[in-house]
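Position one of the sequence shown corresponds to residue 146 (the numbering used here), numbered consecutively onward.
Idealized CB from N, CA, C, for every residue including glycine.
Values in this document were obtained by computation on a predicted structure and should not be read as measured data.
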Amino acid sequence: MLDMELILMIFLIIMSLVELVLFVYVVYLIVKNIPKYLKSRKKSLRSYKEEMLFYSENLEVKKITILVSILIYLTVIDLILSLSFFPELGVGSLSAELGLNVFVIELIIAFVTFSMIPAYFVIKIAFKESGLEKVPFSLAAIIPTIFPLFAFINYNFTGNLPFSLFLLFCGVLFNIVALKYRDLNETKVLPQRDIEPRRMLKGMSIYITELESVRAPIPFGVTPHSLKNIFKLLLGQRERFFFVKNSNLHQKVRKKMDPYFQSGLKSSRESFLFFFIFMVLIFLVAASGIVIFDFILNLGFIYSLGMTLVAAMLIIYLALAWKINKIRTLNGEKHENDIKNAVQMSIDHGKKFLEENELKPEEFPIILRHNDYDGLEYEIKGEKDYIGFFKLDPNDFIDDDLNNVHLNDDGEKLKSDEEEQGYLICEECHGYYKLQEDESPEDFAECECGGKLKYHKDIDEIL
């Protein structure tokens, strides 16, 4: 038995030495690369998007990130094994006396830990909308390390080794998946014969809602949608992804919206500053919460931990909501015309798609916060809350036997078949105007902004 304990003790000492060497090496790499970073940052003319991609794929950054992740896992394993053989160092030996409180602690830890998974996917979607091709390597590697950290916290407070090992396993699995699937623009367009029109239009309706939600004014909160609408959008994400993967409209609208997405990307210095302040805020809230609830109010450690988490989550939400609302409002006001034009183009495209496939407008409602788009009929649900439906002209119909001639109720050929209609787009502000039945391109000399107008026959040519 003594031989076994001696072997385990030697193993723990070796692990501690490896951790020390890794820690020193990581510090050395960071100190070594700081002057290079500052020098390149001073001379860099790259945009924030290019800079993020450059540093996320930099070999030195990858090396440091991998070593830090390995160091975290090794340290946690070392600490758990140490507490297993020296339980007096933690409170795990008291787990039998804690009773129901053990379950409460594990429930809190499980909730906080596994909430990192949806949080990561929200971050991934945000990066995708900002135009990045990949999730930064360091982010994909570091975020899952929250699992081993909470695995140690769990074992220290409850002594539940199986659950701690389960958290460690989930962390490793999360790390592998996050690093393997970093690409954000993997699309596989299906052949036209395999496109499902009904599914495509449902996805397009969700896409229009998400696109329109960034238009000012932006309601305060992390998301501009109500709780009811959030569930509706979540239920339609499968169709939305189907539309994005199988429609060229998404890529064309993204190009039109690129100025908006570029404005949404802050400089690396400002982003780092906010992140640093945010982390300091979390630490101060956690520390002050423990002091107030445990030492001053004498509520006990378990209740103090729960109250601190509630207070921290509330402050974190308010801080994030303020930051997100500020950025979205500034960018939404700055690119008002770009957003409105992109939404209008998508609506026109959806209306054309609906007519071509002879679908019913009432089956494809669009959740909107504005009601100034052409081609829709609106239902008012509340202030800045509308449901839009594609509006079809009841006087128009298409009949293959009449060679696609449009007739009115009196059987007369419409002027739209006699005179070619289309769209005028400004080469300066990129706004566009749909010509009416009695209008022609020659009727317009220039745009209101003074820009030159260019004629396009089809909406797809504009997109």
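Handout entry: Length of the line joining the Cα atoms of LYS579 and LEU378
Key = 30 Å
Practice task
State the beta-bridge partners of ILE532 as determined by DSSP.
Solution key: ILE512, GLU524
Exercise for the section: May I have the straight-line CA-CA distance separating ARG344 from LEU499, to the nearest angstrom? Expected result: 11 Å
Practice task
Decide if SER585 is buried, meaning its Cβ has at least 16 other Cβ atoms within 10 Å, or exposed.
Solution key: exposed
Practice task
Could you work out which residue in THR210, GLU251, SER229 is closest to ALA286 when comparing CA atoms only?
Solution key: THR210
Exercise for the section: Check CYS571 in the structure and name its three-state DSSP category. Expected result: strand
Exercise for the section: Measure the alpha-carbon distance for PRO369 versus PHE156 and round it to whole angstroms. Expected result: 53 Å
Exercise for the section: State the beta-bridge partners of HIS601 as determined by DSSP. Expected result: TYR568
Practice task
Please say whether GLY348 and PHE376 have beta carbons closer to each other than 9 Å?
Solution key: no
Problem - Member of CYS571, GLU205, LEU306 whose CA lies at the smallest distance from the CA of LEU224 - result: LEU306
Exercise for the section: Apply the 10 Å Cβ neighbour rule to ASP541 and answer buried if 16 or more other Cβ atoms are within range, or exposed otherwise. Expected result: Summary for ASP541: the model assigns pLDDT 46, below 50, so the residue's position carries little reliability; its value from the coordinates is reported in the next sentence. Exposed, by the Cβ-count rule.
Exercise for the section: State buried or exposed for VAL176, treating a residue as buried only when at least 16 other CB atoms are found within 10 Å of its CB. Expected result: exposed
Problem - Assigned exposure category for ALA457 - 16 Cβ within 10 Å defines buried - result: buried
Problem - Validate contact between the stretch 351-369 and the stretch 472-480 using beta carbons, cut 8 Å, 3 pairs - result: yes
Exercise for the section: Going by CA-CA distance only, name the one from PHE365, SER392, THR453 that's closest to TRP467. Expected result: PHE365
Problem - C-beta atoms of VAL280 and ILE262 nearer than 9 Å - result: no
Problem - Buried versus exposed call for ALA487 [16 or more other C-beta atoms within 10 Å across all chains shown] - result: buried
Exercise for the section: Determine the extent of the alpha helix (DSSP H) in which ASN393 is found, giving its start and end residues. Expected result: 393-401
Practice task
For ARG383, count neighbouring Cβ atoms within 10 angstroms of its own Cβ and tell me buried if that reaches 16, exposed if not.
Solution key: exposed
Practice task
Indicate, with yes or no, if the ligand HEM has a heavy atom lying under 8 Å from the CB of SER392.
Solution key: For the structure depicted, the ligand HEM is absent and the ligand set is empty, with no information on it obtainable.
Problem - Own chain, CB closer than 6 Å to CYS518, minus 5 neighbours either side, in chain order - result: The sequence shown places Tyr at residue 518, rather than the Cys named in the question. The residues are GLN489, ILE492.
Problem - PRO180 beta carbon less than 9 Å from that of LYS350 - result: A small correction: the amino acid at residue 350 is Ser; Lys does not occupy that position in the sequence shown. Contact flag unset, no.
Practice task
Grab the span of the alpha helix (DSSP H) containing HIS494 for me, first residue to last.
Solution key: 481-501
Handout entry: Reference LEU310, options VAL213, ALA296, THR303, closest by Cα
Key = ALA296
Exercise for the section: Would you mind reading off the limits of the alpha helix (DSSP H) that contains ARG344? Expected result: 342-357
Practice task
Could you check what DSSP says for SER412 in three-state terms: helix, strand or coil?
Solution key: Because the pLDDT at SER412 is just 42, under 50, the model does not fix this residue reliably, and the value given afterwards should be weighed accordingly. It is coil, neither helix nor strand.
Handout entry: Contact under 9 Å by Cβ, HIS494 with LEU356
Key = no
Exercise for the section: Can you tell me the Cβ-Cβ gap for LEU216 and PHE168, rounded? I've got them flagged as a contact below 8 Å. Expected result: 6 Å
Practice task
Determine, using beta carbons only, whether THR354 and LEU228 come nearer to each other than 9 Å.
Solution key: no
Problem - Unbroken alpha helix (DSSP H) run spanning GLU205, endpoints - result: 204-230
Exercise for the section: For MET160, I'd like the list of residues in its chain whose CB is within less than 7 Å of its CB, leaving aside the five on either flank, ordered along the chain. Expected result: LEU219, ASP223
Exercise for the section: Check whether the Cβ atoms of LEU346 and LEU504 sit closer than 9 Å, and answer yes or no. Expected result: yes
Handout entry: Cβ neighbour criterion (16 or more within 10 Å) applied to GLU571
Key = Residue identity differs from the one stated: residue 571 is Cys in this sequence, not Glu. With 16 or more other Cβ atoms within 10 Å, it is buried.
Exercise for the section: Following the continuous alpha helix (DSSP H) through THR303, name the residue where it begins and the one where it ends. Expected result: 291-303
Exercise for the section: Leaving aside the five residues before and after TYR265 along the sequence, list all residues of the same chain whose C-beta is less than 7 Å from its C-beta, in chain order. Expected result: ILE288, ALA323
Problem - Cβ separation of ASN320 and SER214, assumed to be a contact under 8 Å, to the nearest whole Å - result: 7 Å
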